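Colleague:
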């Protein structure tokens, strides 16, 4: 689709498991029609950890990701198990540099149901794929969308993640196509 | 809509500013940042912000002081205070001074989203209310209709009178004169005002589609009727049905509608049992229906049924004294949409507007002002911003209408930007989703995508 665009999925920190990474990669490939490969795991930057909040600062992790040596026109999606925050919010499922190169998704809050019981594995995989695609699409300069059936709709909690189908509306598809062409 | 909303984040902490700006930008808001209170006050002096997210504790001018200055400089800006734990007292004090709410840092993502959406929505309502108030009070306006001319005052008077009756009204006027606004005004002043106003443009449908739209249908009534659907007649029950372009209705459909008007009941397609319906009918046309009667394409019995009272809306060229008022009204509307500030029109520009003949009437004037707002380089609309100004192309453009001019301007900018929508939107000063919608409206596609024509 796009001339030379490429996506790298980069596991960060403790062992994440290849299944979830492959599922995220496959869904990105299906939605964006771009080649995706999974890089060997890398460490999480220590300076990004906030001991008082027991979370990683997503902006600092993104800055660390930005330094990953990858070829031009490569988008990098970091995947991590630990919880994430940005300074103004208590937590985030993920974060991305709008129209830039790096995005990030945390699996921390996806592993459980609202009552605290473990989420069934297929549901966990779906959540990870949806959030991975959502955050990655921000790097293609796609903002949150008002269309109800679009994966770029703002995802405010797990219920919203589960209710959302992994589809792009025609507006966001057009913006993605444009970004890939230019 | 969000993309027209401008937010100013004021916080001395860089990480807060950056993270909040990043979060808001992903919703398409226009975000500016200030790290000091004094800078924020200067920024508010220079441009209008819909929403201010303001930290309370800052070195130098603190949030409370900024709030008091902003209330003075820009009373319509909604201010939300941000506070860390332990500064609740200041938050309460700021609420007393006119802040709309306060947030404890860090926020819950869902809470922040709801709050911002709520205030943006409130701002829009405030705009609408202010607009309505100012129309009525200052601009010789009436129910969204604007005009100080004698002929428009006569129209307003007629609207007031006919609104109270149940008689069918036929509104006649050239394209773009505001016939639907007149119909809405009649509905709004009528005893049916709390019931639905249902409009349908009869010229926009083929006969069979119009039949389905008006009468509704049951599941399986025809190939493709996968679900039962309510028609406009049913939707208008107890309210007002507005048949726009009534002159485009086929003779067969005129018979069907005449029966509904006489019997006050109808059949959904595919349903043998009739449904009772009660609505007030208002129709509009730009065509000469008398000629239709003579030539036989408009039925006499239907004509007399829909035309108990006739309202003629004058073309804009016959009420030139309304042009400055209308131009100012549209300027304010599009300035708000594009978050630009304007002081008004230059004398020359206003003269051009008043002397032009306006074949497309008020709609054409609206398009001209919208275009001028996009092209304007400073706070005054000058002749160069107008399609018939000194730098305007001498040959007739596009389809010869202002829509055509707008379409051609968009095409030119797209060409210049190499069909990069984001770049073109930036040049035009609109958000790319607005550009995309305008492209859809005008069916503008990249040359190689649209095929040879």
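Chains as they are written, first to last, in our numbering: chain E, 1 to 182; chain G, 1 to 453. A virtual CB, placed ideally from N, CA and C, is assigned to each residue, including glycine. On a predicted model such as this, the values are computed, not experimentally measured, just so you know.
Cα separation between residue 242 of chain G and residue 280 of chain G?
Modeller: Looking at the two C-alpha atoms, the distance is approximately 8 Å.
Colleague: Using a Cβ-Cβ cut-off of 9 Å, state whether residue 157 of chain E counts as contacting chain G.
Modeller: Yes, residue 157 of chain E lies at the interface with chain G (some Cβ there is under 9 Å from its Cβ).
Colleague: From the DSSP output, in three-state form, read off residue 165 of chain E for me.
Modeller: Three-state result, residue 165 of chain E: coil.
Colleague: In three-state DSSP terms, what is residue 49 of chain G?
Modeller: It is coil, neither helix nor strand.
Colleague: Skipping 5 residues on each side, what residues in its chain have a beta carbon closer than 6 Å to that of residue 163 of chain E?
Modeller: For residue 163 of chain E, where only same-chain residues beyond five positions count, there are no Cβ hits under 6 Å.
Colleague: Whole angstroms is fine: what's the gap from residue 200 of chain G's alpha carbon to residue 370 of chain G's?
Modeller: So the alpha carbons of these two residues sit roughly 26 Å apart.
Colleague: Over what stretch of residues does the alpha helix (DSSP H) that includes residue 172 of chain E continue unbroken?
Modeller: 170-181 is the extent of the alpha helix (DSSP H) around residue 172 of chain E.
Colleague: Taking residue 110 of chain G as the query, report the chain E residues whose CB atoms sit under 7 Å from its CB, ordered along the chain.
Modeller: Neighbours of residue 110 of chain G on chain E, chain order: 156, 157.
Colleague: Identify which residue in E:157, E:144, E:21 has its Cα closest to the Cα of residue 168 of chain E.
Modeller: The option with the nearest alpha carbon to residue 168 of chain E is E:144.
Colleague: Can you name the start and end residues of the alpha helix (DSSP H) that residue 126 of chain E belongs to?
Modeller: Per DSSP, residue 126 of chain E belongs to the alpha helix (DSSP H) from 121-138.
Colleague: Whose CA, out of G:439, G:310, G:18, G:334, lies closest to the CA of residue 171 of chain G?
Modeller: Ranking the options by Cα distance to residue 171 of chain G, first place goes to G:310.
Colleague: Taking only three categories from DSSP, how would you classify residue 115 of chain E?
Modeller: Residue 115 of chain E: coil per DSSP, three-state reduction.
Colleague: Inspect the CB distances between the segment 30-37 of chain E and the segment 61-73 of chain E and report whether three or more fall short of 8 Å.
Modeller: These segments do not touch.
Colleague: Using a Cβ-Cβ cut-off of less than 8 Å, list which residues of the segment 13-24 of chain G approach chain E; keep chain order.
Modeller: Correct list: 13, 15, 16, 18, 19, 20, 22, 23.
Colleague: In whole angstroms, give me the CA-to-CA distance for residue 20 of chain E and residue 27 of chain E.
Modeller: One C-alpha to the other measures close to 11 Å.
Colleague: Against chain E, does residue 432 of chain G count as a neighbour if the rule is that its beta carbon must be under 9 Å from one of theirs?
Modeller: Yes, because at least one Cβ of chain E sits closer than 9 Å to the Cβ of residue 432 of chain G.
Colleague: Measure the CB-CB distance between residue 81 of chain G and residue 58 of chain G and report whether it falls below 9 Å.
Modeller: In this structure, residue 58 of chain G does not lie closer than 9 Å to residue 81 of chain G by Cβ.
Colleague: From which residue to which residue does the alpha helix (DSSP H) around residue 155 of chain G run?
Modeller: Run containing residue 155 of chain G: 150-163, per the alpha helix (DSSP H) assignment.
Colleague: What are the boundary residues of the alpha helix (DSSP H) that residue 29 of chain E is part of?
Modeller: Its alpha helix (DSSP H) spans residues 18-32.
Colleague: Given this structure, state the Cα-to-Cα distance separating residue 173 of chain G from residue 383 of chain G, to the nearest angstrom.
Modeller: Distance between the alpha carbons of residue 173 of chain G and residue 383 of chain G: 29 Å.
Colleague: When you compare the CB of residue 138 of chain G with every CB in chain E, is at least one pair closer than 9 Å?
Modeller: Note that residue 138 of chain G has pLDDT 43, beneath the 50 cutoff, so the model's placement of it is unreliable and the number below is only indicative. Answer no: the Cβ-Cβ gap between residue 138 of chain G and chain E never drops below 9 Å.
Colleague: Alpha carbon to alpha carbon, what distance is there between residue 55 of chain G and residue 188 of chain E?
Modeller: Residue coverage of chain E in this structure runs from 1 to 182, which leaves residue 188 of chain E outside it and unanswerable.
Colleague: Of the choices E:90, E:18, E:99, E:110, whose alpha-carbon is the least far from that of residue 103 of chain G?
Modeller: Of the candidates E:90, E:18, E:99, E:110, the one whose C-alpha sits nearest the C-alpha of residue 103 of chain G is E:90.
Colleague: Skipping 5 residues on each side, what residues in its chain have a beta carbon closer than 6 Å to that of residue 99 of chain E?
Modeller: Closer than 6 Å at the Cβ level, and outside the excluded window around residue 99 of chain E, lie 141.
Colleague: My output table needs one value for residue 132 of chain G: the three-state DSSP class, helix, strand or coil.
Modeller: Note on residue 132 of chain G: pLDDT 49, under 50, position unreliable in the model; the coordinate value appears next. Reduced to three states, the DSSP call for residue 132 of chain G is helix.
Colleague: Contact between the segment 285-302 of chain G and the segment 329-348 of chain G: three or more CB pairs below 8 Å?
Modeller: Because the criterion of three Cβ pairs below 8 Å is not met, the segment 285-302 of chain G and the segment 329-348 of chain G do not touch.
Colleague: Under 8 Å between beta-carbons, which chain E residues line up against residue 107 of chain G? List them in chain order, please.
Modeller: Per Cβ cutoff of 8 Å: 88, 89, 90.
Colleague: In this structure, how does DSSP classify residue 379 of chain G when only helix, strand and coil are distinguished?
Modeller: Note: residue 379 of chain G maps to coil in three-state DSSP.
Colleague: Just how far apart, CA to CA, sit residue 356 of chain G and residue 325 of chain G?
Modeller: Between residue 356 of chain G and residue 325 of chain G, the C-alpha separation is close to 15 Å.
Colleague: So, is the C-beta of residue 356 of chain G closer than 9 Å to a C-beta in chain E?
Modeller: It does not; no Cβ of chain E falls within 9 Å.
Colleague: Under 9 Å, do residue 323 of chain G and residue 353 of chain G count as touching if we go by C-beta distance?
Modeller: Yes, the pair counts as a contact, with Cβ atoms nearer than the cut-off.
Colleague: Can you check whether the CB of residue 60 of chain E is closer than 9 Å to the CB of residue 48 of chain E?
Modeller: The answer is yes: Cβ separation under 9 Å.
Colleague: Could you tell me which chain A residues have their CB closer than 7 Å to the CB of residue 113 of chain G, listed as they occur along the chain?
Modeller: You won't find chain A in this structure, because its protein chains are E and G.
Colleague: Who are the Cβ neighbours of residue 229 of chain G in its own chain at under 6 Å, not counting the five residues just before and after it?
Modeller: For residue 229 of chain G, where only same-chain residues beyond five positions count, the Cβ hits under 6 Å are 216, 217.
Colleague: Would you say residue 175 of chain E lies against chain G (beta-carbon separation less than 9 Å)?
Modeller: By this cut-off, residue 175 of chain E is an interface position.
Colleague: When you compare the segment 296-309 of chain G with the segment 238-258 of chain G, are there three or more beta-carbon pairs, one atom per stretch, that lie closer than 8 Å?
Modeller: Flag = yes, the segment 296-309 of chain G and the segment 238-258 of chain G touch.
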